[in-house]
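Asker: First the structure, then my questions, so here it is.
In my numbering, the protein residues as written are 101 to 212.
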């Protein structure tokens, strides 16, 4: 990945973190973190990976993001000073869940 793409991904991640903390009204006790942003080389799409705590609220948060996507996109477009503005694609990051499952399996193997 080029330095420019890393910079674009970092900028989008930072701006989205601020926007989501202000604009997305989640129920109490639900936390959302922008984990990673991967922008396509042509800058048409930005895959935004979010992690949710507690994990069971993932569907709720993804629905909230889907409902507010156009508003979030509009605010981000105003903040970014780029010729091509990537379209946001939100994805639930399940890295922690998968890591926990692998850890459980390894403990089971160790105990056998």
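Glycine included, every Cβ here is placed at the ideal spot set by N, Cα and C.
For residue 119, count neighbouring Cβ atoms within 10 angstroms of its own Cβ and tell me buried if that reaches 16, exposed if not.
Answerer: So residue 119 ends up on the buried side.
Asker: Residues in its own chain within less than 6 Å of residue 143 by CB, not counting five upstream and five downstream?
Answerer: 184 and 186
Asker: With 16 as the cutoff for other CB atoms within 10 Å, does residue 140 come out buried or exposed?
Answerer: exposed
Asker: Helix, strand or coil: which one does DSSP assign to residue 143?
Answerer: coil
Asker: Is it true that the CB of residue 133 sits closer than 8 Å to the CB of residue 151?
Answerer: yes
Asker: For residue 151, write down the residues that DSSP places opposite it in a beta bridge.
Answerer: 133
Asker: Whose C-beta lies closer than 8 Å to the C-beta of residue 193 among residues of the same chain, with five residues either side of it excluded?
Answerer: Around residue 193: 135, 136, 149, 150 and 151.
Asker: Given a cut-off of 8 Å on the beta-carbon distance, is the pair residue 115 and residue 179 in contact?
Answerer: yes
Asker: In angstroms with no decimal places, state the Cα-to-Cα distance between residue 190 and residue 108.
Answerer: Going from the Cα of residue 190 to the Cα of residue 108 covers about 17 Å.
Asker: Is the Cβ-Cβ distance between residue 126 and residue 161 less than 8 Å?
Answerer: Between residue 126 and residue 161, the C-beta spacing is below 8 Å.
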